[in-house]
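Q: The structure under discussion is supplied below as structure tokens; questions concerning it will follow.
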Amino acid sequence: MLQGHGVRVNEVAEALADDVPAIRPNKSVPVSVRLAPSMAAEIEALAQRLEIPSSTLLRRWIQQGL
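Letter by letter, the sequence shown follows residues 440 to 505 in the working numbering.
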């Protein structure tokens, strides 16, 4: 229950579900590329040093090149 309100979370979630449109505002398309294992390892190591996922790093590089 929500503290002090006597309402169950499931009931609230069900009530709100009808009011929320099922739309993803920033729909993305997955893209696959082949890389040499050594290059993939370098990208992963750099992403770890930057503390971001490698997919984020690759996406930023692609966006900068467009």
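Beta carbons are placed, not taken as given, at the ideal position from N, Cα and C, and that holds for glycine.
Just so you know, these numbers come straight off a predicted model, no measurement behind them.
Are the CB atoms of L474 and A486 within a distance shorter than 8 angstroms?
A: Taking the sequence shown and counting its residues from 1, the one referred to as residue 486 is at position 47. Taking the sequence shown and counting its residues from 1, the one referred to as residue 474 is at position 35. Cβ distance not < 8 angstroms, so A486 and L474 don't count as in contact.
Q: Between the alpha carbons of M478 and V472, how many angstroms are there, rounded?
A: Mapped onto the sequence shown, residue 478 falls at position 39. Mapped onto the sequence shown, residue 472 falls at position 33. Straight-line Cα distance between these residues: approximately 12 angstroms.
Q: Expressed to the nearest angstrom, what Euclidean distance is found between the alpha-carbon atoms of R447 and A484?
A: Here residue 447 is taken as the residue at index 8 of the sequence shown, counted from 1. Here residue 484 is taken as the residue at index 45 of the sequence shown, counted from 1. About 45 angstroms.
Q: Run through DSSP, which three-state label would P490 get?
A: Looking up residue 490 in the sequence shown gives position 51. Correcting the residue type first, residue 490 is Glu in the shown sequence and not Pro. Looking at E490 - three-state DSSP - the assignment turns out to be coil, as it is neither helix nor strand.
Q: Quick check on M440: does DSSP put it in helix, strand or coil?
A: In the sequence shown, residue 440 corresponds to position 1, counting from 1. Residue placement at M440 is poorly supported in this model, since its pLDDT is 43, which falls under 50; the coordinates still yield a value, given next. It is coil, neither helix nor strand.
Q: So, at 6 angstroms on beta carbons, what are the nonlocal neighbours of I482 in its own chain, with the 5 sequence-adjacent residues on each side left out?
A: For the purposes of this step, residue 482 is taken as residue 43 along the sequence shown, with counting starting at 1. Answer for I482: S493, listed in chain order.
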